[in-house]
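Residue numbers (our numbering), protein chains in the order written: chain A, 628 to 924; chain B, 199 to 259. Backbone N, C-alpha and C fix where the C-beta goes; we use that ideal spot for every residue, glycine too. These numbers were taken from a predicted model, which means no experiment stands behind them. This report concerns only the one structure given below.
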């Protein structure tokens, strides 16, 4: 036991707690119950330990100890690889796949949450050493709140308007409003689609969002989330019953065709609205200098 | 190069419009054409697309 023991224990506890709070199993069913969670809580514990121990190391002027953090960075990059590989393997067996962009988004957030965990532990340990316990507790609560805020990005309802619209066939062509979805030859399938299918128009709120919604990964993520939440009217061997999402080339509106088992329009709108906007899909052409009439210098 | 899409079968009621290539199924009536397309779709994991009233293709996507 030395003067730093309690600070380190406190930092580790707060760091691990922050990781547990960030680890929520929701409709995405990922990480799966228990085993997946244990892996991430354990890694969170290691991250918290690294963060907490860095403080006494700095105070004792053991600067080389800080290089240990680079080991942590390598370690957590591996977490990202691990998540990416697992999800890519699993994705082949989904009726509606997540898509590579969504998987990458999930993998990135797993890595970054470990870093948030290190920072939380670091700041908590620092506050404990320099101030009294109540201030350290207050500071760590603040840290956790900031971490929670940082990890939640925007969702589709923030960037676009979702309007339900009936599906229609023109000959063999399936349309959502004026957006062509696909050609269905067999009449039986057409009847099923009209009976079980639902159509939605997603109207981007500005020019940047047109680009974001054009991203195929973002669109696949929307289809996956809706299919997971509302169920899906399809099986392997019925490729004609595939939910699809296509865009209007003229104005960037997106037409979404889904085959849910729960046919509840309001619920479907809420679910589409709460699909996360993928980091890899975000484009900001309006931030470019030529666009704003500024020169590049 | 990996070919991702392929025409698995051609189904038609008008045999003057087709020749060679993919397996061809010539049908007597529209009803027969629909039944054959539905079966081929299920068997081959493909989607039957209508090119015209009398010409259908089954495509692997």
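How should residue i be labelled, buried or exposed, when 16 other C-beta atoms within 10 angstroms of its C-beta is the threshold for buried?
| i | result |
| --- | --- |
| residue 204 (chain B) | exposed |
| residue 845 (chain A) | buried |
| residue 862 (chain A) | exposed |
| residue 632 (chain A) | exposed |
| residue 221 (chain B) | exposed |
| residue 208 (chain B) | buried |
| residue 623 (chain A) | Past the boundaries of the shown model lies residue 623 (chain A); chain A is included only from 628 to 924, so the question cannot be answered. |
| residue 254 (chain B) | buried |
| residue 825 (chain A) | buried |
| residue 741 (chain A) | buried |
| residue 649 (chain A) | buried |
| residue 839 (chain A) | buried |
| residue 247 (chain B) | buried |
| residue 834 (chain A) | exposed |
| residue 725 (chain A) | buried |
| residue 902 (chain A) | buried |
| residue 210 (chain B) | buried |
Do residue i and residue j have their CB atoms nearer than 8 Å?
| i | j | result |
| --- | --- | --- |
| residue 809 (chain A) | residue 821 (chain A) | no |
| residue 748 (chain A) | residue 812 (chain A) | no |
| residue 823 (chain A) | residue 873 (chain A) | no |
| residue 638 (chain A) | residue 755 (chain A) | yes |
| residue 258 (chain B) | residue 244 (chain B) | yes |
| residue 904 (chain A) | residue 780 (chain A) | yes |
| residue 642 (chain A) | residue 692 (chain A) | no |
| residue 817 (chain A) | residue 796 (chain A) | yes |
| residue 907 (chain A) | residue 723 (chain A) | no |
| residue 804 (chain A) | residue 828 (chain A) | yes |
| residue 900 (chain A) | residue 837 (chain A) | no |
| residue 241 (chain B) | residue 223 (chain B) | no |
| residue 231 (chain B) | residue 256 (chain B) | no |
| residue 886 (chain A) | residue 866 (chain A) | no |
| residue 704 (chain A) | residue 737 (chain A) | no |
| residue 663 (chain A) | residue 646 (chain A) | no |
| residue 898 (chain A) | residue 856 (chain A) | yes |
Please state whether DSSP places residue i in a helix, a strand or coil.
| i | result |
| --- | --- |
| residue 906 (chain A) | helix |
| residue 220 (chain B) | coil |
| residue 153 (chain B) | Since the first and last residues shown for chain B are 199 and 259, residue 153 (chain B) lies out of range. |
| residue 919 (chain A) | coil |
| residue 867 (chain A) | coil |
| residue 207 (chain B) | strand |
| residue 742 (chain A) | helix |
| residue 881 (chain A) | strand |
| residue 731 (chain A) | helix |
| residue 759 (chain A) | coil |
| residue 752 (chain A) | helix |
| residue 797 (chain A) | strand |
| residue 791 (chain A) | strand |
| residue 651 (chain A) | coil |
| residue 631 (chain A) | coil |
| residue 766 (chain A) | helix |
| residue 775 (chain A) | helix |
| residue 874 (chain A) | strand |
| residue 782 (chain A) | strand |
| residue 696 (chain A) | helix |
| residue 670 (chain A) | helix |
| residue 901 (chain A) | coil |
| residue 724 (chain A) | coil |
| residue 642 (chain A) | helix |
| residue 860 (chain A) | coil |
| residue 832 (chain A) | coil |
| residue 844 (chain A) | helix |
| residue 886 (chain A) | coil |
| residue 810 (chain A) | strand |
| residue 825 (chain A) | strand |
| residue 231 (chain B) | helix |
| residue 249 (chain B) | strand |
| residue 680 (chain A) | helix |
Checklist entry - According to a CB-to-CB cut-off of less than 9 Å, which residues of the stretch 856 to 872 of chain A neighbour chain B? => result Within the stretch 856 to 872 of chain A, the qualifying residues are 863, 864, 865, 866, 867, 869.
Checklist entry - For the stretch 664 to 689 of chain A, which residues have a beta carbon sitting closer than 8 Å to at least one beta carbon of chain B? => result Within the stretch 664 to 689 of chain A, no residue places its CB atom closer than 8 Å to a CB of chain B.
Next on the checklist: Taking contact to mean 3 or more Cβ pairs, one atom from each stretch, closer than 8 Å, check whether the stretch 761 to 769 of chain A and the stretch 888 to 896 of chain A are in contact.
Outcome noted: Inter-segment contact for the stretch 761 to 769 of chain A and the stretch 888 to 896 of chain A is absent: fewer than three beta-carbon pairs are separated by less than 8 Å.
Checklist entry - Looking at chain B, which residues of the stretch 789 to 807 of chain A have a Cβ within less than 8 Å of any of its Cβ atoms? => result For the stretch 789 to 807 of chain A, which is checked against every Cβ of chain B, the residues closer than 8 Å are 798, 799.
Checklist entry - How about the stretch 680 to 688 of chain A and the stretch 735 to 755 of chain A: do they share at least three Cβ pairs that are nearer than 8 Å? => result Of all C-beta pairs linking the stretch 680 to 688 of chain A to the stretch 735 to 755 of chain A, three or more are shorter than 8 Å, placing the two stretches in contact.
Checklist entry - Any contact of the stretch 212 to 225 of chain B with the stretch 780 to 799 of chain A, i.e. 3+ C-beta pairs under 8 Å? => result Judged by Cβ distances under 8 Å, the stretch 212 to 225 of chain B makes no contact with the stretch 780 to 799 of chain A, as fewer than three pairs qualify.
Next on the checklist: Any C-beta of chain A within less than 7 Å: which residues of the stretch 239 to 259 of chain B qualify?
Outcome noted: So the list reads 239, 240, 243, 244, 245, 246, 247, 248, 254, 259, given in the order they occur along the chain.
Checklist entry - Between the stretch 691 to 698 of chain A and the stretch 729 to 739 of chain A, do at least 3 Cβ pairs fall closer than 8 Å? => result With the cut-off at 8 Å, the stretch 691 to 698 of chain A and the stretch 729 to 739 of chain A do not touch.
Checklist entry - For the stretch 847 to 865 of chain A against the stretch 788 to 803 of chain A, are there 3 or more C-beta pairs whose distance is under 8 Å? => result No, the stretch 847 to 865 of chain A does not touch the stretch 788 to 803 of chain A.
Checklist entry - Can you list, in chain order, the residues of the stretch 712 to 738 of chain A whose Cβ is nearer than 8 Å to any Cβ on chain B? => result Going along the stretch 712 to 738 of chain A in chain order, one finds no residue with a Cβ nearer than 8 Å to chain B.
Checklist entry - According to a CB-to-CB cut-off of less than 7 Å, which residues of the stretch 806 to 822 of chain A neighbour chain B? => result Going along the stretch 806 to 822 of chain A in chain order, one finds 810, 812, 813, 814, 815 with a Cβ nearer than 7 Å to chain B.
Item to check | Contacting positions in the stretch 216 to 236 of chain B - beta carbon closer than 8 Å to chain A | outcome: Cβ contacts with chain A: 232, 235, 236.
Item to check | Cβ contact check for the stretch 661 to 671 of chain A and the stretch 767 to 778 of chain A: 3 or more pairs under 8 Å | outcome: Under the Cβ criterion (8 Å, minimum of three pairs), the stretch 661 to 671 of chain A does not count as touching the stretch 767 to 778 of chain A.
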